[in-house]
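Presented below is the structure to which this report refers.
Residue numbers (my numbering): 29 to 203.
Dropping the structure here:
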């Protein structure tokens with residue numbers, strides 16, 4: 029008998045299973061949270077009046093804590109997806125190997141999970157809101173990628189002229 033009661037499903041616990049759409053939805057939510065908080069904290073890190081190069085210690089601590097917690101959450105989501113594929117969570121260490129990680133993530137996002145109960149529990153019913161978030165993400169990600177590529181392609185290039193101009197002098201010094 030399937031146990032699809034989501035109220036017993038602890039999101040940040042590695043036990044349990046995630047289908048493909050659930051994984052995409054939660055990774056999208058994680059990315060939005062990470063980007064928003066990262067921008068805010070990064071501006072706070074450089075928000076000093078004395079010296080632009082000085083970093084606010086509290087902001088750096090928050091920034092590091094945010095990234096460590098996001099890495100933890102990402103691994104939990106990957107482990108839950110592996111459980112849906114009837115694989116051990118230890119397979120998630122493959123994400124740390126540079127070339128293997130691309131193939132591993134492709135497998136995680138493409139391979140269908142077990143439809144029936146497996147060693148890691150009952151299959152989890154994907155709520156409608158997770159399906160909606162996942163489908164919006166699947167549609168918007170390629171579009172946003174193309175927009176960013178276009179913006180980078182048409183943006184003005186930085187002046188990388190190696191010549192140095194000294195104040196008070198009208199002469200250019202060669203490199």
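All residues carry an ideal CB built from backbone N, CA and C; glycine is no exception. Since the model is a prediction, treat every value here as computed from it, not as a measurement.
Between which two residues does the alpha helix (DSSP H) carrying residue 88 extend?
Where residue 88 is concerned, the enclosing alpha helix (DSSP H) stretches over 85–112.
Is residue 45 near residue 147, with beta carbons less than 8 Å apart?
no
Please tell me whether residue 62 and residue 94 are closer than 8 Å, where the distance is taken between their beta carbons.
yes
Determine, using beta-carbon pairs with one atom in the stretch 136–152 and one in the stretch 99–119, whether at least three such pairs fall under 8 Å.
yes
Taking just the CA atoms, how far does residue 72 sit from residue 48?
Their Cα atoms are separated by approximately 36 Å.
Grab me the residues of residue 50's own chain with a C-beta within less than 6 Å of its C-beta, minus the 5 sequence neighbours each way, in chain order.
In its chain, beyond the 5 residues on either side, 154, 158 have a beta carbon closer than 6 Å to the beta carbon of residue 50.
Taking a contact to mean a Cβ-Cβ separation below 8 Å, would you say residue 69 touches residue 87 in this structure?
A distance below 8 Å separates the beta carbons of residue 69 and residue 87.
By DSSP, does residue 117 sit in helix, in strand, or in coil?
helix
Compute the distance between the beta-carbons of residue 104 and residue 184, then report whether it is under 8 Å.
no
Among 127, 107, 128, 125, which one has its Cα closest to the Cα of residue 118?
107
Would you mind giving the Cβ-Cβ distance between residue 161 and residue 56, rounded to the nearest angstrom? I have them listed as a contact below 8 Å.
6 Å
Could you give the distance in angstroms between the alpha-carbon of residue 177 and the alpha-carbon of residue 92?
29 Å
Which one of 102, 85, 60 has the shortest CA to CA distance from residue 124?
102
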